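Trainee: To start, I am sharing the structure in question, which I have written as structure tokens.
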Amino acid sequence: MNWFSVERSLERLVDSVVVALPKIAVGFFILIVGRYVIKFALKFIDNRFEKRNVDRSIRSFLKSIIKFTLYGLLLLTVASTMGIQTTSFIAALSAFGLAVGMALQGSLSNFAGGVLILLFRPFDVGDYISSAAGATGTVERIDLLYSTMIDDDGIRVFTPNGPLANSVIKNFTKIASRRMQFTLNVS
Numbered sequence: 015m016n017w018f019s020v021e022r023s024l025e026r027l028v029d030s031v032v033v034a035l036p037k038i039a040v041g042f043f044i045l046i047v048g049r050y051v052i053k054f055a056l057k058f059i060d061n062r063f064e065k066r067n068v069d070r071s072i073r074s075f076l077k078s079i080i081k082f083t084l085y086g087l088l089l090l091t092v093a094s095t096m097g098i099q100t101t102s103f104i105a106a107l108s109a110f111g112l113a114v115g116m117a118l119q120g121s122l123s124n125f126a127g128g129v130l131i132l133l134f135r136p137f138d139v140g141d142y143i144s145s146a147a148g149a150t151g152t153v154e155r156i157d158l159l160y161s162t163m164i165d166d167d168g169i170r171v172f173t174p175n176g177p178l179a180n181s182v183i184k185n186f187t188k189i190a191s192r193r194m195q196f197t198l199n200v201s
């Protein structure tokens, strides 16, 4: 091995590091500022959720999704700023997301139904409801994927939120006074 070629290789390495140093510094600056911006955004979102009285279970889930998305975008921005090609990462991430979405299609439908139920509140815990999907009973618990009810026979029924959110729901508890109709036959 020639001393001259080692010295030449070392010079090229130092030159490439010196050229890349400003990009690396800008990338670290964006990373530090981005973390503070994400923390501020999450705190702002949490305050908005509290003002609008969003359910705690959906609040924590949405915050985690937003946090994951913002940190992913921050890392992609930093990598792009430093000169790293991010198109292959984005393509792989898109394919992974499509595969997971197809595999969890039914669960995602139930999750979306749970989000709709928790946001729009067609019924609350303790309400006696009847749905066109065939579920009737007193609501014991509302989760993101399933709602738990106690039917008239005292049996605990677990209803998936997807069909429940997409069906007609009769809430008998919300209005205390109802019209009753009796038919009497008098001879």
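The working numbering numbers the first residue of the sequence shown as 15 and each following residue consecutively.
Where is the CB? At the ideal position from N, CA and C, for every residue including glycine.
As the structure is a computational prediction, the values presented were derived from the model and not from experiment.
Tell me the rounded alpha-carbon separation between V32 and Y160.
Mentor: About 57 Å.
Trainee: K184: which of V129, T152 and V200 sits nearest, CA to CA?
Mentor: K184 has its Cα closest to that of T152, out of V129, T152 and V200.
Trainee: For the putative contact between L45 and L88, defined by C-beta atoms under 8 Å, what is the C-beta separation to the nearest angstrom?
Mentor: About 7 Å; that satisfies the 8 Å criterion.
Trainee: Which residues bound the alpha helix (DSSP H) around I46?
Mentor: Segment W17 to K65, the alpha helix (DSSP H) holding I46.
Trainee: Have a look at the DSSP bridge pairing and note the partners of V153.
Mentor: Note: V153 sits in a beta bridge opposite M163.
Trainee: On the criterion of 16 or more Cβ atoms from any shown chain inside 10 Å, does T173 qualify as buried, or is it exposed?
Mentor: Label assigned to T173: buried.
Trainee: When the Cα atoms are used, what is the spatial distance from S102 to I164?
Mentor: In a straight line, the C-alpha of S102 is about 51 Å away from that of I164.
Trainee: When the Cα atoms are used, what is the spatial distance from Q195 to F186?
Mentor: Computed Cα separation, rounded: 16 Å.
Trainee: Please specify which runs of the alpha helix (DSSP H), each continuous and at least 4 residues long, are wholly inside the region 83 to 145, giving them in chain order.
Mentor: As far as the region 83 to 145 is concerned, its whole alpha helix (DSSP H) runs of at least 4 residues are 101 to 117 and 119 to 134.
Trainee: Rounded to the nearest angstrom, what separates I52 and D29 at their Cα positions?
Mentor: If you take the alpha carbons of I52 and D29, they lie about 35 Å apart.
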